[in-house]
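*Asks:* Take a look at this one; I'll ask things after.
There are 2 protein chains.
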Amino acid sequence: MQSKDTDDNRSFVSNARRAQIVEAAIETVADVGYANASLARIAVRLGISKGVISYHFSGKDDLIAEIVRQVLQRARAYMQPRIEAQTTGPEILRAYIESNLEFMRDNPNQLSAVVEIVRATIAGAKSPFTGNRDGAVHILAELLARFQAAGDFRADFDPNAMAIAIRAVIDAAPGRLADPAFDIDRYAREAVTVFHRGTCVTGA
Amino acid sequence: MQSKDTDDNRSFVSNARRAQIVEAAIETVADVGYANASLARIAVRLGISKGVISYHFSGKDDLIAEIVRQVLQRARAYMQPRIEAQTTGPEILRAYIESNLEFMRDNPNQLSAVVEIVRATIAGAKSPFTGNRDGAVHILAELLARFQAAGDFRADFDPNAMAIAIRAVIDAAPGRLADPAFDIDRYAREAVTVFHRGTCVTGA
DNA sequence: GTGTCTTTTGACTGCATGGCCAAAAATTAG
DNA sequence: CTAATTTTTGGCCATGCAGTCAAAAGACAC
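Residue numbers (the numbering used here), protein chains in the order written: chain A, 21 to 224; chain B, 21 to 224.
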């Protein structure tokens, strides 16, 4: 094993095992919370010995990083085309919010796990995922700023503050998915409306 | 000691010690994150033995609950008069958002700690603070619904979804306070504007 | 079937945690 | 000053954690 592992460096079986472990880890985190998601618990969920995890991953950090990497890749793959299909600022913003929340609705565990991992590791200490969070905000802020300059949005809001608010509203959803009274589609509609009204020159 | 402790049940010195420990615990949580805020760390910050904490509190849960209780009480004391001074729906909503964020700005550690405690303990397992979070959302939702019925707000948004979004935007602030580039006053202004535009019939 | 390589097991380490407690120290009362 | 009480100390548990490892089990080529 080299330090820079590629998928092709590993056998089919090995890759399947890794995928299996990643999946179990996602479920475990979404289920019992990041703080309680120990290697032992993940192993029990799979019915294997926890040594197997150590064999296939260099450590817990490696496993967690792999979760974040995989989920964000899938989320990006789902969202990106939907966002890029739009042309105007308001349309893009709507597609951004909607595709984010749709992905959460259809893959509830995955983003729940990632949001929790990022939050838990960022709190207090420096984390390998700080750049991840700030990166998402920054990309959104740039987007807002671009279309603000183009006149698609009102000129007098701070793109950075707005981006933080938008992401806050989106990232609050996973933690509510467990509540049966929470209607994420309804929530998405409200979020779209609020930020449309909040960013555009004219009302709805 | 009885199980239902009142302040008056304890000596002055004892209450002072408790307050001191609570304060140190708040700072520790805000500093190193809830996950790393062990009794040992809190004790070191105070320069005392960790047994002292066990002596003054029935356990870690007790200490944490006391933090939440005290901070929320202070926050309520700050916010409530400011909110009740308003009469119309939009004014109340503005006062709600502004007073929340002002309290965070002036007491950065306190609400950082509480938000993190509530988030960390709610994730995955059932927590003594679940009702706390849902209660805050519920109160806000009722408020929105009341003034929606009165015609102060547009009639076609879901008060519950809106309340969740508003709290999400507010609760995202503490985690950003450490970032020197984050201007919480600016953030408050944008939040007020967004939700004013999002809830009212006419634009800004 | 034999030998090689991969994978899994289960026991083990070292560490940090929350909680506990007897003895020491400090405080207060008489 | 002495005795009773409150408070603090520092060491001690049991538990759960991530990570390690030798040995067993399995897969597979020949």
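The C-beta atom is built at its ideal place from N, Cα and C for all residues, glycine as well.
1) Could one say the Cβ of Asp178/B lies closer than 8 Å to chain A's Cβ atoms, at least one of them?
2) Alpha carbon to alpha carbon, what distance is there between Phe202/A and Arg196/A?
3) Whose Cβ in chain B lies nearer than 8 Å to the Cβ of Asp51/A?
4) Cβ of Ala138/B within 8 Å of Cβ of Arg153/B?
5) Give me the chain B residues within the contact set of Leu116/A, using Cβ-Cβ distance strictly less than 8 Å, ordered along the chain.
6) Cβ atoms of Ala188/A and Leu131/A: under 8 Å apart, would you say?
7) Given a limit of 8 Å on CB to CB distance, which residues of the segment 130-155 of chain A reach chain B?
8) Determine the burial state of Glu104/A: buried for a count of at least 16 other Cβ atoms within 10 Å of its Cβ, exposed for fewer.
9) What residue range does the alpha helix (DSSP H) around Thr213/A cover?
10) Give the straight-line distance between the Cα atoms of Val91/B and Ala85/B, rounded to the nearest whole angstrom.
11) Looking at chain A, is there any beta carbon in it that lies within less than 8 Å of the beta carbon of Gly79/B?
12) What did DSSP end up calling Ile84/B once you bin it into helix, strand or coil?
13) Along the chain, where does the alpha helix (DSSP H) containing Gln130/B start, and where does it finish?
14) In chain order, what residues of the segment 161-188 of chain B put their CB closer than 7 Å to some CB of chain A?
15) Tell me whether Asp205/B is buried or exposed, calling it buried when 16 or more other Cβ atoms sit within 10 Å of its Cβ.
16) Taking 8 Å as the CB-CB cut-off, is Met21/A touching chain B?
17) Residues of chain A with a CB under 8 Å from the CB of Gly67/B: which are they?
18) May I ask you to verify whether the segment 113-126 of chain B touches the segment 29-49 of chain A, counting CB pairs closer than 8 Å and requiring at least 3?
19) By the 10 Å Cβ neighbour count, where 16 or more other Cβ atoms means buried, how is Tyr232/A classified, buried or exposed?
20) Do you know how far the Cα of Asp81/A is from the Cα of Phe149/A?
21) Relative to the alpha-carbon of Glu111/B, which residue among Val42/B, Glu210/B, Phe173/B has its alpha-carbon at the smallest distance?
22) Is it true that the CB of Asn129/A sits closer than 8 Å to the CB of Ile186/A?
23) Since Ala192/B meets chain A, which of its residues come closer than 9 Å, beta carbon to beta carbon?
24) Should Ala193/A and Leu164/A be called a contact, given that it needs their Cβ atoms to be closer than 8 Å?
25) Taking Glu43/B as the query, report the chain A residues whose CB atoms sit under 7 Å from its CB, ordered along the chain.
26) Buried or exposed: where does Arg114/A fall if 16 or more other Cβ atoms within 10 Å of its Cβ makes it buried?
27) I need the boundaries of the alpha helix (DSSP H) containing Phe167/A, first residue and last residue.
28) Report the rounded CA-to-CA distance for Thr108/A versus Cys220/A, giving the unit in angstroms.
29) How close, in whole Å, do the beta carbons of Ile73/B and Leu59/B come, if the pair is a contact with beta carbons under 8 Å?
30) Tell me whether Gln168/A is buried or exposed, calling it buried when 16 or more other Cβ atoms sit within 10 Å of its Cβ.
*Replies:* According to the structure shown:
1) Here residue 178/B corresponds to residue number 158 of the second sequence, with the count starting at 1. By this cut-off, Asp178/B is an interface position.
2) The residue given as residue 196/A occupies position 176 in the first sequence. The residue given as residue 202/A occupies position 182 in the first sequence. Approximately 6 Å between the Cα atoms of the pair.
3) Working through the first sequence from its first residue, we reach residue 51/A at position 31. Near Asp51/A (Cβ distances below 8 Å), the residues of chain B are Gly144.
4) In the second sequence, counting from the first residue as 1, residue 138/B sits at position 118. In the second sequence, counting from the first residue as 1, residue 153/B sits at position 133. Here residue 138/B is Val; the residue named in the question, Ala, does not match the sequence. Contact: yes.
5) In the first sequence, residue 116/A corresponds to position 96, counting from 1. Going by the sequence as given, residue 116/A is Tyr instead of Leu. Residues of chain B passing the Cβ test: none, with the nearest at roughly 15 Å.
6) Start at 1 with the first residue of the first sequence, and residue 131/A comes out as number 111. Start at 1 with the first residue of the first sequence, and residue 188/A comes out as number 168. No, the Cβ-Cβ distance between Leu131/A and Ala188/A is not below 8 Å.
7) Glu136, Arg139, Ala140, Ile142, Ala143, Gly144, Ala145
8) Sequence index remark: in the first sequence, residue 104/A carries index 84 (1-based). By the 10 Å Cβ count, Glu104/A comes out exposed.
9) Here residue 213/A refers to the residue found at position 193 of the first sequence. Unbroken alpha helix (DSSP H) run through Thr213/A: 204-219.
10) Position 71 of the second sequence, counted from the start, is the residue given in the question as residue 91/B. Position 65 of the second sequence, counted from the start, is the residue given in the question as residue 85/B. One C-alpha to the other measures close to 10 Å.
11) In the second sequence, counting from the first residue as 1, residue 79/B sits at position 59. By this cut-off, Gly79/B is not an interface position.
12) Here residue 84/B refers to the residue found at position 64 of the second sequence. It is helical.
13) The residue labelled residue 130/B in the question sits at position 110 within the second sequence. From DSSP, the alpha helix (DSSP H) with Gln130/B extends over 128-142.
14) Phe177, Asp178, Ala181, Met182, Ile184, Ala185, Ala188
15) Translated into the one-based positions of the second sequence, residue 205/B becomes position 185. Result: exposed.
16) Position 1 of the first sequence holds residue 21/A. No answer about Met21/A holds up, because its pLDDT of 35 lies below 50 and its placement is not dependable.
17) The residue you call residue 67/B lines up with position 47 of the second sequence. In chain order: nothing, as chain A lies at least about 21 Å away.
18) no
19) Because chain A here runs from 21 to 224, residue 232/A falls outside it and cannot be looked at.
20) Within the first sequence, the letter at position 129 stands for residue 149/A. Within the first sequence, the letter at position 61 stands for residue 81/A. Taking the straight line from one Cα to the other gives about 11 Å.
21) By 1-based counting over the second sequence, the position of residue 111/B is 91. Answer by Cα proximity: Phe173/B.
22) The residue you call residue 186/A lines up with position 166 of the first sequence. The residue you call residue 129/A lines up with position 109 of the first sequence. Cβ atoms of Ile186/A and Asn129/A: not closer than 8 Å.
23) Numbered from its first residue, the second sequence carries residue 192/B at position 172. What Ala192/B touches in chain A: Ile184, Ala185, Arg187, Ala188, Val189, Asp191, Ala192.
24) For the purposes of this step, residue 193/A is identified with residue 173 of the first sequence, where counting begins at 1. For the purposes of this step, residue 164/A is identified with residue 144 of the first sequence, where counting begins at 1. No. Outside cutoff.
25) Within the second sequence, numbered from 1, the residue matching residue 43/B stands at position 23. What Glu43/B touches in chain A: nothing, since even the nearest Cβ is about 17 Å away.
26) The residue you call residue 114/A lines up with position 94 of the first sequence. Arg114/A comes out buried.
27) The sequence position of residue 167/A within the first sequence is 147, counting from 1. Unbroken alpha helix (DSSP H) run through Phe167/A: 150-169.
28) Here residue 108/A refers to the residue found at position 88 of the first sequence. Here residue 220/A refers to the residue found at position 200 of the first sequence. The alpha-carbon atoms of Thr108/A and Cys220/A are separated by roughly 11 Å.
29) The sequence position of residue 73/B within the second sequence is 53, counting from 1. The sequence position of residue 59/B within the second sequence is 39, counting from 1. Indeed, because the Cβ distance is near 5 Å, the residues count as touching under 8 Å.
30) Stepping through the first sequence from its first residue, residue 168/A is reached at position 148. Buried: at least 16 other Cβ atoms inside 10 Å.
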